[in-house]
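Shown next, in structure tokens, is the structure this report addresses.
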Amino acid sequence: MSKWLLGLVSSFLLVFSVHAQNFEEGVHYEVIADDATSKPEIVEFFSFYCVHCYRFEPIAESIKQAHPDQFKKSHVSFISPRGDVGETMTKAFVAAQKLDIEDKISSAIFDYNFVKENMLTSKQDIRNVFVVNGVAGEEFDKAMASFSVRAAASKMDRRASDLGINATPTFIVNGKYKMLPQGFRDSDDFAADFTALASYLVKK
């Protein structure tokens, strides 16, 4: 390894070490369970109807880039502009995952809700977004009606309930640690610091 590269790595480790030493339970994170999950994970509980989740997308992407194998998103159903459309949206999110177009559909839905300032308030509205983005209507219908999509959506809802998720976005690490964004009010680089916290907790 070259001296330049070694110095760069050493500098990174030093910065990470400083960050880690400054993270405090009760300030930057809280413990919500006694036991951690069997595999490391960083889960963002979010809603397509949450403007704060939309604004958090760059931070979520930063964490995803740092931990592509551990990071995942879980849609919640309790935020809904009308009736049970929140539950429909959770199933649609799972359908997008099954169809391998999660990023494309997520971007399109957030854009529709918060950039164009419209709001998807029905299953037909959501279906139209999928169709505009290249999914045949029949394929969307089939995915939404499938047992695997319905089961995965129910699992998301159960886990959110079990963990006491009542606001979004909420980041839970290893099923044990809840990240606290408010602990970084004075941060000069929130995205970097919040990502560093995720990196610290996922290794605890």
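In mature numbering (1 follows the signal peptide of the UniProt record, and there is no 0), the protein residues as written are -20 to -1, 1 to 184.
Cβ coordinates follow ideal geometry from the N, Cα and C atoms, glycine included.
In this text the structure is predicted, and so the values were computed from the model without any measurement.
First through last residue of the alpha helix (DSSP H) which encompasses phenylalanine 170:
On the sequence shown, residue 170 is found 190 positions in, with the first residue counted as 1. Taken as a continuous stretch (DSSP letters only), the alpha helix (DSSP H) holding phenylalanine 170 covers 170 to 182.
For asparagine 108 and valine 7, what's the separation of their Cα atoms in angstroms?
Within the sequence shown, residue 108 is the residue found at index 128, counting from 1. Within the sequence shown, residue 7 is the residue found at index 27, counting from 1. Our two residues, asparagine 108 and valine 7, have alpha carbons roughly 43 angstroms apart in a direct line.
Run through DSSP, which three-state label would valine 11 get?
Numbered from its first residue, the sequence shown carries residue 11 at position 31. Strand, per DSSP.
What are the uninterrupted segments assigned as alpha helix (DSSP H) that are 4 or more residues long and contained completely in the segment 29 to 99, given in chain order?
Uninterrupted alpha helix (DSSP H) stretches at least 4 residues long and entirely within the segment 29 to 99 occur at 31 to 35, 37 to 46, 65 to 78, 82 to 90, given in chain order.
For the putative contact between alanine 171 and methionine 159, defined by C-beta atoms under 8 angstroms, what is the C-beta separation to the nearest angstrom?
Within the sequence shown, the letter at position 191 stands for residue 171. Within the sequence shown, the letter at position 179 stands for residue 159. Actually they are not in contact, since the Cβ atoms of alanine 171 and methionine 159 sit about 13 angstroms apart, beyond 8 angstroms.
Determine the closest residue to phenylalanine 94 out of Met124, Cys33, Val23, Asp15, with distance taken between C-alpha atoms.
Translated into positions along the sequence shown, residue 94 becomes position 114. For the options Met124, Cys33, Val23, Asp15, the alpha carbon positioned closest to that of phenylalanine 94 is the one of Cys33.
State the start and end residues of the unbroken alpha helix (DSSP H) segment that holds phenylalanine 120.
Along the sequence shown, one-based indexing puts residue 120 at 140. Phenylalanine 120 -> alpha helix (DSSP H) spans 117 to 125.
Relative to the alpha-carbon of glutamate 41, which residue among Gly155, Phe151, Tyr180, Lys184 has its alpha-carbon at the smallest distance?
Numbered from 1 along the sequence shown, position 61 holds the residue referred to as residue 41. Nearest of Gly155, Phe151, Tyr180, Lys184 to glutamate 41, Cα basis: Phe151.
If you drop the 5 nearest sequence neighbours on each side, which residues of the same chain put their C-beta closer than 7 angstroms to that of leucine -7?
Looking up residue -7 in the sequence shown gives position 14. Confidence in leucine -7 is poor, its pLDDT being 42 and thus under 50, which makes the residue's placement too unreliable to answer from.
Out of curiosity, what's the CA-to-CA distance linking lysine 122 and aspartate 14?
To locate residue 122, count along the sequence shown from 1; it is residue 142. To locate residue 14, count along the sequence shown from 1; it is residue 34. Computed Cα separation, rounded: 40 angstroms.
Quick one: give me the first and last residue of the alpha helix (DSSP H) that isoleucine 106 is part of.
Counting from 1 along the sequence shown, the entry for residue 106 is found at position 126. Residues 103 to 112.
Would valine 56 pass as a contact of isoleucine 106 if the rule is Cβ separation under 9 angstroms?
The count along the sequence shown starts at 1 and reaches residue 56 at position 76. The count along the sequence shown starts at 1 and reaches residue 106 at position 126. Their beta carbons are not under 9 angstroms apart, which means valine 56 does not touch isoleucine 106 by this criterion.
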